[in-house]
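Novice:
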């Protein structure tokens, strides 16, 4: 069974999605892993050309052709998010153009995957009205692809093998798992795909439109879902 399980996982790892090293394959911002401690992250951002604003606990600089403020969010002292917001506002026409342009840039970037259909704002949709009177949020989410180097593939396969084996033992005997039926084989493939997709969603990058006094901004977030609060402090 172990041989079959390894073959199944290797198949999904190499054909369905890219792979990840569960401890190190996290979301990156400008090549910097969204992880570690805040002071170190601030220094890395400064090395990328961002300027620190001490009294605001923010940085400022240019990103993707736009002047932005940059913030670093932590949970239990570990960085889980890099947030950006436009320094300058835009009118509703320009913000729609920019939002849709960002969607297309992410869609065309081979380093990202989208699990949704077209996320652009239709030209005939009055998004300003929808935001003001129906509290509709306009956001788009993409995921950074998982690592594909041999070490990451091997570690990820090992991690998923243990998870799938554990799940199967809740339903089947070891003998059944050692001699899997077609039904069990199918379940192995499905579980492997589910765990792979879950790993992908841990590397989210998303953005949304914010409104203030009929002027609009883009807010963007690079999230390391592994470091987010999950109720451990409750």
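Numbering (my numbering), first residue to last: 1 to 234.
C-beta: ideal position from N, C-alpha, C; glycine also.
As the structure is a computational prediction, the values presented were derived from the model and not from experiment.
Could you tell me which of 77, 103 and 68 sits nearest to residue 34, measuring between CA atoms?
Specialist: Position 34 of the chain shown, counted from the first residue, corresponds to residue 34. When each option's Cα is compared against that of residue 34, the closest is 77.
Novice: Is the Cβ-Cβ distance between residue 91 and residue 217 less than 7 angstroms?
Specialist: Here the question's residue 91 lines up with position 91 in the chain shown. Here the question's residue 217 lines up with position 217 in the chain shown. No, Cβ-Cβ distance for residue 91 and residue 217 is not below 7 angstroms.
Novice: Considering only the beta carbon of each residue, do residue 219 and residue 85 sit closer than 7 angstroms?
Specialist: In the chain shown, counting from the first residue as 1, residue 219 sits at position 219. In the chain shown, counting from the first residue as 1, residue 85 sits at position 85. In this structure, residue 85 lies closer than 7 angstroms to residue 219 by Cβ.
Novice: Mapping DSSP to helix, strand and coil, what is residue 34?
Specialist: Translated into the one-based positions of the chain shown, residue 34 becomes position 34. The answer is coil: DSSP assigns residue 34 none of H, G, I, E or B.
Novice: Just reading off the alpha helix (DSSP H) that residue 216 is part of, what are its end residues?
Specialist: Mapped onto the chain shown, residue 216 falls at position 216. Note, residue 216: premise wrong, no alpha helix (DSSP H); beta strand (DSSP E) at 215-223.
Novice: Which runs of the alpha helix (DSSP H) fall wholly inside the region 65-91 and span at least 4 residues, in chain order?
Specialist: none
Novice: Between the region 51-60 and the region 178-197, do at least 3 Cβ pairs fall closer than 8 angstroms?
Specialist: no
Novice: Could you tell me which residues DSSP puts in a beta bridge with residue 210?
Specialist: Taking the chain shown and counting its residues from 1, one reaches residue 210 at position 210. 217.
Novice: Which whole runs of the beta strand (DSSP E) in the region 93-177 are 3 residues long or more, in chain order?
Specialist: 139-144
Novice: Report back the beta-carbon spacing between residue 239 and residue 140 to the nearest angstrom; my notes put them in contact at under 8 angstroms.
Specialist: Nothing about residue 239 can be reported from this structure: the residues present for the chain run from 1 to 234 only.
Novice: Count the other CB atoms within 10 Å of the CB of residue 171; is the residue buried (16 or more) or exposed (fewer)?
Specialist: Taking the first residue of the chain shown as 1, we reach residue 171 at position 171. Result: exposed.
Novice: Does the count of Cβ pairs from the region 134-149 and the region 106-113 closer than 8 angstroms reach three?
Specialist: The region 134-149 vs the region 106-113: in contact.
Novice: Using 8 angstroms for Cβ pairs, my map puts residue 72 next to residue 42. What's the rounded Cβ distance?
Specialist: Residue numbering aside, residue 72 sits at position 72 when the chain shown is read from its first letter. Residue numbering aside, residue 42 sits at position 42 when the chain shown is read from its first letter. Contact holds; Cβ gap of about 6 angstroms.
Novice: Comparing C-alpha positions only, which one of 128, 117 and 25 sits nearest to residue 213?
Specialist: Position 213 of the chain shown, counted from the start, is the residue given in the question as residue 213. The shortest Cα separation from residue 213 among 128, 117 and 25 belongs to 128.
Novice: Of the residues 179, 26, 120 and 194, which one's Cα is nearest the Cα of residue 137?
Specialist: Sequence index remark: in the chain shown, residue 137 carries index 137 (1-based). When 179, 26, 120 and 194 are compared, the shortest CA-CA separation from residue 137 is found for 120.
Novice: Would you mind giving the Cβ-Cβ distance between residue 27 and residue 203, rounded to the nearest angstrom? I have them listed as a contact below 8 angstroms.
Specialist: Locating residue 27 in the chain shown gives position 27, where the first residue counts as 1. Locating residue 203 in the chain shown gives position 203, where the first residue counts as 1. Yes, residue 27 and residue 203 are in contact; Cβ-Cβ is about 4 angstroms, under 8 angstroms.
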